[in-house]
Amino acid sequence: MKLPDSLRLTIRNFKVNSDPGTIMFMLGLPTLYLLVLGFMYQSLIPAVTFNNVDVSYTDFLMPGIMAMEVMTAGTVGGSMLWSDRRFFMFEQLLVGPFNRLSYLFGLIMVSLIFSIIGNTIMLVIFYLFVGKLIFTTMGLIYSILTLFIGTIIFTSIYLIISIKTKKMQTYNTITIVLFFVVDFTSSAFYPITDRTPYSLRVISYINPLTYITDITRSTLVFSSLNNVLSEFLILTIATVIVFGVALKLYNGVKPGI
Amino acid sequence: MYTDAIYVNNLRKTYDNIKYAVDDISFNVKRGEIYGLLGKNGAGKSTTIKILSTLVKKTSGNVEVLGMNINDSLSIRKRIGVVQQDLSFDLTTVEKNFKIYGLLWGVKKELLKSRMEELIEIFDLDKVRKNNIMDLSGGQKKRVQVAREFLHDMDLLFLDEPTVGMDPIVRRKLLDYIKMRVKNGLTVLFTTHIMEEADYLCDRIGIINSGKMVIEGNSNYLKDNFGGYKTLKLDLNKDIDNLTKNEILSMNVNLRNKNNELLITAKNIDNIIPAIIKIIEKHGYNIVKLNMDQSSLEDVFFEVVN
Numbered sequence: 001m002k003l004p005d006s007l008r009l010t011i012r013n014f015k016v017n018s019d020p021g022t023i024m025f026m027l028g029l030p031t032l033y034l035l036v037l038g039f040m041y042q043s044l045i046p047a048v049t050f051n052n053v054d055v056s057y058t059d060f061l062m063p064g065i066m067a068m069e070v071m072t073a074g075t076v077g078g079s080m081l082w083s084d085r086r087f088f089m090f091e092q093l094l095v096g097p098f099n100r101l102s103y104l105f106g107l108i109m110v111s112l113i114f115s116i117i118g119n120t121i122m123l124v125i126f127y128l129f130v131g132k133l134i135f136t137t138m139g140l141i142y143s144i145l146t147l148f149i150g151t152i153i154f155t156s157i158y159l160i161i162s163i164k165t166k167k168m169q170t171y172n173t174i175t176i177v178l179f180f181v182v183d184f185t186s187s188a189f190y191p192i193t194d195r196t197p198y199s200l201r202v203i204s205y206i207n208p209l210t211y212i213t214d215i216t217r218s219t220l221v222f223s224s225l226n227n228v229l230s231e232f233l234i235l236t237i238a239t240v241i242v243f244g245v246a247l248k249l250y251n252g253v254k255p256g257i
Numbered sequence: 001m002y003t004d005a006i007y008v009n010n011l012r013k014t015y016d017n018i019k020y021a022v023d024d025i026s027f028n029v030k031r032g033e034i035y036g037l038l039g040k041n042g043a044g045k046s047t048t049i050k051i052l053s054t055l056v057k058k059t060s061g062n063v064e065v066l067g068m069n070i071n072d073s074l075s076i077r078k079r080i081g082v083v084q085q086d087l088s089f090d091l092t093t094v095e096k097n098f099k100i101y102g103l104l105w106g107v108k109k110e111l112l113k114s115r116m117e118e119l120i121e122i123f124d125l126d127k128v129r130k131n132n133i134m135d136l137s138g139g140q141k142k143r144v145q146v147a148r149e150f151l152h153d154m155d156l157l158f159l160d161e162p163t164v165g166m167d168p169i170v171r172r173k174l175l176d177y178i179k180m181r182v183k184n185g186l187t188v189l190f191t192t193h194i195m196e197e198a199d200y201l202c203d204r205i206g207i208i209n210s211g212k213m214v215i216e217g218n219s220n221y222l223k224d225n226f227g228g229y230k231t232l233k234l235d236l237n238k239d240i241d242n243l244t245k246n247e248i249l250s251m252n253v254n255l256r257n258k259n260n261e262l263l264i265t266a267k268n269i270d271n272i273i274p275a276i277i278k279i280i281e282k283h284g285y286n287i288v289k290l291n292m293d294q295s296s297l298e299d300v301f302f303e304v305v306n
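Read top to bottom, the protein sequences are chains Y and V. Note that the working numbering numbers the first sequence so that position 18 is 18, with each residue one more than the last. Note that the working numbering numbers the second sequence so that position 195 is 195, with each residue one more than the last.
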């Protein structure tokens, strides 16, 4: 029996991206962050207060790394579209037995797969080194949904960049700059508090990674659902808007760059 | 059951509402036929293929592919193969490119394996099968792109300049392979700039210029009717005199001679050969040898396009 179109495209996207370079970027970088920052900084930062509870820096950092994994997974979809347009596979697939929506679905699905694999690995590493995972059923559901929605918003953002840029260098520069800006203006590495400069706080709260981190942190590490619903709603609405923009732009994409 | 694999009637396409890339083209391709579409760069060949393969929407006209309306795009795409002019590939090894492409088309594993091996051999890719596609030459990449398309079943194949960069041996192998596939029921629409290829491969040829179909027919018909100037070569039993020369020249021909050899060049020379022979014999010469250079498809192309 023939697999559905979008599933065939997803497998193809996964196979094409299963090269050592991509795997290193997808899994190696977050693991390095978790091991180096999480365990080395532990001696510098003994405890962090989050939601009025003191936790170790490793416990605090772990959800941030998971959120980062979501963002990294989102780059796969954007890069895939870029590469397919650059090397005319987009055009080739559109004269094949697929429609545009199947192709888009394939891009999102491959990002989700990398996100799931990456986050599972992070959880396993965390469990191996720290020896604990605390979550409730509701918390787990929120976490999974957040990581799912988070992957969609970042895939959409990278798709927009991929569609709007004409040169490889421009695409690479924008994605690298964005990667660091989004990473370091979010709450992934440190809590956003009243002591954080106002302008940085504003940037932090328009940064989707902050919401993904905060929800994952609350639900997976602190087993707390305080503020989770409101943050989840904000993230969902932002995802719907960004995905809508990406979809509109994607529908207008002509083959070739 | 449809008889025309492709039916195009008054097809027009404009990208900017000013110029027409394809301007009122009509033609048909019968099932099991190899149809060659020739034209200069920018003549409208690739746009026509893009429309027929449902990649680009037509501006007006009627188009049917495999008996289906062109708007039924997904159903058409499931039954066609397309080798585009631009090199297209996944950034991985040759072998993985084949496997992924087979997967995309839902070719079963065992069948995919046997077809892949067959195509790797035919297209002489065995030595580079483990290489990354980026490490191949342009011709090798093209071979991978063309070979890959034969992995899946199809009723109609569009080949847009498929032999670019290929060496003559692989090129001939490809053309023969296409002929073999056509014998088994495939229909092919083929574009090329190499006239010998079109002559060797195509059952019928259409030449388009500035988006319009200029002439259409089989290779011999085109050569006979649009071949332009042909040269008649005559060896006589002795040197020709001026009186005879002048009488031949009065028939609006170009005449060159060296000793007893005559070279007479004219448009539609076939029609005046009997008159020329009559003049020569009237002046007491015997024709020892008579030859006529057949015009080539390239002559037809130059004649029609220029």
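C-beta: ideal position from N, C-alpha, C; glycine also.
Less than 9 Å between the beta carbons of V/I178 and V/V188, yes or no?
Cβ distance < 9 Å, so V/I178 and V/V188 count as in contact.
Using C-beta distances below 8 Å, list every residue in its chain close to V/K45, excluding the 5 sequence neighbours before and after it, in chain order.
Here the set comprises L37, L38, G39, D160, T191 and I208.
Would the segment 21-37 of chain Y and the segment 124-131 of chain Y be scored as touching if the rule is three or more Cβ pairs under 8 Å?
Touching, yes, given that three or more Cβ pairs across the two stretches are closer than 8 Å.
Taking the alpha-carbon of V/L156 as reference, which of V/Y285, V/I25 and V/I34 has the nearest alpha-carbon?
Nearest C-alpha to V/L156: V/I34.
Would you grab the beta carbon distance between Y/G64 and Y/S111 for me? Rounded to a whole angstrom, and I think it's under 8 Å.
Wrong, their Cβ atoms sit about 19 Å apart, outside the cutoff.
Can you pull the chain Y residues whose beta carbon is under 9 Å from the beta carbon of V/T54, in chain order?
The contacting residues are L94 and V95.
Tell me, please, whether the segment 75-87 of chain V touches the segment 90-109 of chain Y by the rule of three or more beta-carbon pairs shorter than 8 Å.
At 8 Å Cβ cutoff, the stretches touch.
Using a Cβ cut-off of 7 Å, pull out every chain V residue sitting near Y/N99, in sequence order please.
In chain order: L74.
Secondary structure at V/D203, three-state DSSP: helix, strand or coil?
The answer is coil: DSSP assigns V/D203 none of H, G, I, E or B.
Please look up how many angstroms separate the CB atoms of V/N9 and V/N62, rounded, as I've assumed it's under 8 Å.
The Cβ separation is near 4 Å, so the contact holds.
Please check if any C-beta of chain Y sits within less than 9 Å of the C-beta of V/I6.
No - not a single Cβ of chain Y is within 9 Å of the one on V/I6.
Nearest to V/K230 by CA position, among V/M292, V/F98 and V/K127, is which residue?
With distances taken between Cα atoms, V/K230 lies closest to V/M292.
Quick check: the Cα distance between Y/F129 and Y/G38, rounded to an integer number of angstroms?
Computed Cα separation, rounded: 10 Å.
Please report the distance separating the alpha-carbon of V/P274 from that of V/G228.
Computed Cα separation, rounded: 19 Å.
With a 10 Å radius around its C-beta and 16 neighbouring C-beta atoms as the bar for buried, classify Y/M138 as buried or exposed.
Y/M138 is exposed by the Cβ-count criterion.
Between Y/V16 and chain V, is any beta-carbon pair separated by less than 9 Å?
True, the Cβ-Cβ gap to chain V drops below 9 Å.
Take the Cβ of Y/T58 as the centre, count every other Cβ of all protein chains shown within 10 Å, and call the residue buried at 16 or more, exposed below.
So Y/T58 ends up on the buried side.
What is the DSSP secondary structure of V/D126, counted as helix, strand or coil?
If DSSP states are grouped into helix, strand and coil, V/D126 belongs with the helices.
Please tell me whether Y/S115 and Y/T175 are closer than 9 Å, where the distance is taken between their beta carbons.
No, they are not a contact pair.
Excluding the five sequence neighbours on either side, which residues of its own chain have a C-beta within less than 7 Å of the C-beta of Y/S56, listed in chain order?
So the list reads Q42 and A47, once near-sequence residues are dropped.
Taking all protein chains shown into account, do 16 or more other C-beta atoms lie within 10 angstroms of the C-beta of Y/P197, making it buried, or fewer, making it exposed?
The residue in question, Y/P197, is exposed, as its Cβ has fewer than 16 Cβ neighbours within 10 Å.
Answer with yes or no whether the minimum CB distance from V/Q294 to chain Y is below 9 Å.
Chain Y, which has no Cβ nearer than 9 Å to the Cβ of V/Q294, makes this no.
Using the C-alpha atoms, what's the distance from Y/T22 back to V/R129?
Rounded to whole angstroms, V/R129 to Y/T22 spans 22 Å at the Cα level.
Mark V/K223 as exposed unless 16 or more other C-beta atoms lie within 10 angstroms of its C-beta, in which case mark it buried.
That one is buried.
Give, in chain order, every unbroken run of the alpha helix (DSSP H) that is at least 4 residues long and sits entirely within the segment 183-251 of chain V.
Listed in chain order, the complete alpha helix (DSSP H) runs (minimum 4 residues) inside the segment 183-251 of chain V are 195-201, 219-226 and 242-249.
Between which residues of its own chain and V/K245 is the CB-CB distance below 8 Å, once the five residues before and five after are set aside?
Once the five neighbours on either side are set aside, the close Cβ partners of V/K245 are L255 and N257.
So is the beta-carbon of V/V146 under 8 Å away from any non-hydrogen atom of the ligand ZN?
Summarising the ligand content, the structure contains no ligands, and the ligand ZN is consequently not present.
In this structure, does DSSP put V/N355 in helix, strand or coil?
Given that chain V is displayed from residue 1 to residue 306, the structure contains no residue 355 of chain V and the question cannot be resolved.
Could you check the C-alpha separation between Y/T193 and Y/S186 for me, to the nearest Å?
The alpha-carbon atoms of Y/T193 and Y/S186 are separated by roughly 12 Å.
Have a look at Y/K166, Y/I152, Y/I117 and Y/S218 and flag the residue whose alpha-carbon is nearest the alpha-carbon of Y/R85.
Cα-wise, what sits closest to Y/R85 is Y/K166.
State the beta-bridge partners of V/Y20 as determined by DSSP.
BP columns for V/Y20 point to V/T14.
Residues of the segment 64-90 of chain V with a CB closer than 7 Å to any CB of chain Y: list them in chain order, please.
So the close ones are L74, R77, K78, V82, Q84, D86, L87, S88, F89 and D90.
Name the one or two DSSP bridge partners that V/M292 has.
Bridge partners of V/M292: V/L232.
Count the other CB atoms within 10 Å of the CB of V/Q90; is the residue buried (16 or more) or exposed (fewer)?
It should be pointed out that residue 90 of chain V corresponds to Asp in this sequence rather than to Gln. Looking at its Cβ environment, which holds 16 or more other Cβ atoms inside 10 Å, V/D90 is buried.
Starting from V/R31, follow the alpha helix (DSSP H) in both directions and report where the run begins and ends.
Note, V/R31: premise wrong, no alpha helix (DSSP H); not H, not E.
Can you pull out the residues from the segment 143-167 of chain Y whose beta carbon lies closer than 8 Å to at least one beta carbon of chain V?
So the list is empty, because no residue satisfies the distance condition.
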